[in-house]
């Protein structure tokens with residue numbers, strides 16, 4: 670059977686007939702860290718099922734600045750992409766590989782058909798919407814009500830989780846872009862965390878000690 674990794678990952682959740690269709694129609698795609706899988710305004714032709722790695726989902730504000738919404742990881746899909754698939758619209762998100770990742774790309778013409786044919790697929794889609802919606806609400810809540818110290822701490826912990834390491838290769842400017850703030854502010858807050866011995870700052874990397 671093709672796409673054995675997908676078979677093993679999704680077998681506990683999907684009917685055998687659905688697994689067979691995923692194996693038949695799914696296109697395996699490997700991407701390197703930093704690769705842009707989707708740009709804003711791009712026509713959506715496939716929906717991703719994550720096999721490994723992590724993808725960062727961003728949206729633009731009115732000034733054209735990126736806003737981090739959430740990460741998708743192994744076993745996930747992107748609710749924003751699902752929305753575009755089902756609505757037959759262009760993408761309103763940007764998707765960037767946070768680390769080297771593997772995905773199974775499912776043609777969008779199957780989405781409506783699977784929603785009718787397979788109860789497990791319907792459940793998967795609705796649960797994905799629910800999880801991503803909660804994460805977007807949390808992202809909005811963080812921007813509106815959390816101070817930058819708290820946002821930075823959560824961001825570093827999220828990065829450590831998706832990358833599977835307490836040492837994160839990243840620049841202060843990259844953090845500033847994701848958090849919608851300035852590099853100066855990020856550098857000041859990181860230095861503050863270092864003085865508390867919560868992190869260790871190295872050249873283009875941050876080691877989490879105790880956050």
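Numbering (this note's numbering), first residue to last: 670 to 880.
Each residue gets a CB set at the ideal place from its N, CA and C atoms; glycine is no exception.
Under DSSP, the beta strand (DSSP E) around residue 735 begins and ends at which residues?
For the purposes of this step, residue 735 is taken as residue 66 along the chain shown, with counting starting at 1. Residue 735 -> beta strand (DSSP E) spans 735–742.
Is residue 824 closer than 8 Å to residue 848 when the C-beta atoms are compared?
Start at 1 with the first residue of the chain shown, and residue 848 comes out as number 179. Start at 1 with the first residue of the chain shown, and residue 824 comes out as number 155. It is a contact, given that the beta carbons lie within the stated cut-off.
Between residue 764 and chain B, is the shortest Cβ-Cβ distance under 8 Å, so that the two count as touching?
The displayed structure is made up of one protein chain only, and chain B is not part of it.
Write down the C-beta distance between residue 839 and residue 761 rounded to the nearest angstrom, noting that I regard them as a contact closer than 8 Å.
Within the chain shown, residue 839 is the residue found at index 170, counting from 1. Within the chain shown, residue 761 is the residue found at index 92, counting from 1. Residue 839 to residue 761, Cβ: 26 Å. No contact.
List the endpoints of the continuous alpha helix (DSSP H) containing residue 861.
The residue you call residue 861 lines up with position 192 of the chain shown. 852–864 is the span of the alpha helix (DSSP H), which, as asked, contains residue 861.
Thinking just about the alpha-carbon of each residue, which of 683, 739, 773 is nearest to the one in residue 786?
Your numbering for residue 786 matches position 117 in the chain shown. Selected option, being the one with the closest Cα: 683.
Just to confirm the assignment, what range does the alpha helix (DSSP H) spanning residue 715 have?
Your numbering for residue 715 matches position 46 in the chain shown. Segment 715–721 is the beta strand (DSSP E) holding residue 715; no alpha helix (DSSP H) there.
For the stretch 738–748 against the stretch 784–803, do three or more pairs of beta-carbon atoms, one drawn from each stretch, fall closer than 8 Å, so that the two count as touching?
The stretch 738–748, when compared against the stretch 784–803, does touch it at the 8 Å Cβ threshold.
Measuring straight from C-alpha to C-alpha, what distance separates residue 736 and residue 805?
Position 67 of the chain shown holds residue 736. Position 136 of the chain shown holds residue 805. Spanning the two alpha carbons is a distance of roughly 11 Å.
Within its chain, find whatever has a CB closer than 8 Å to the CB of residue 789; leave out the 5 residues flanking it on each side and keep chain order.
Residue 789 sits at position 120 when you count from the first residue of the chain shown. Cβ neighbours of residue 789 beyond the five flanking positions: 682, 683, 684, 687.
Between residue 723 and residue 770, how many whole angstroms is the CB-CB distance? I'm expecting something under 8 Å.
Residue numbering aside, residue 723 sits at position 54 when the chain shown is read from its first letter. Residue numbering aside, residue 770 sits at position 101 when the chain shown is read from its first letter. Right, the Cβ-Cβ distance comes to about 6 Å (below 8 Å), so this counts as a contact.
Report yes if the C-beta distance between residue 831 and residue 704 is below 8 Å; otherwise report no.
As a working note, residue 831 is residue 162 in the chain shown. As a working note, residue 704 is residue 35 in the chain shown. Their beta carbons are not under 8 Å apart, which means residue 831 does not touch residue 704 by this criterion.
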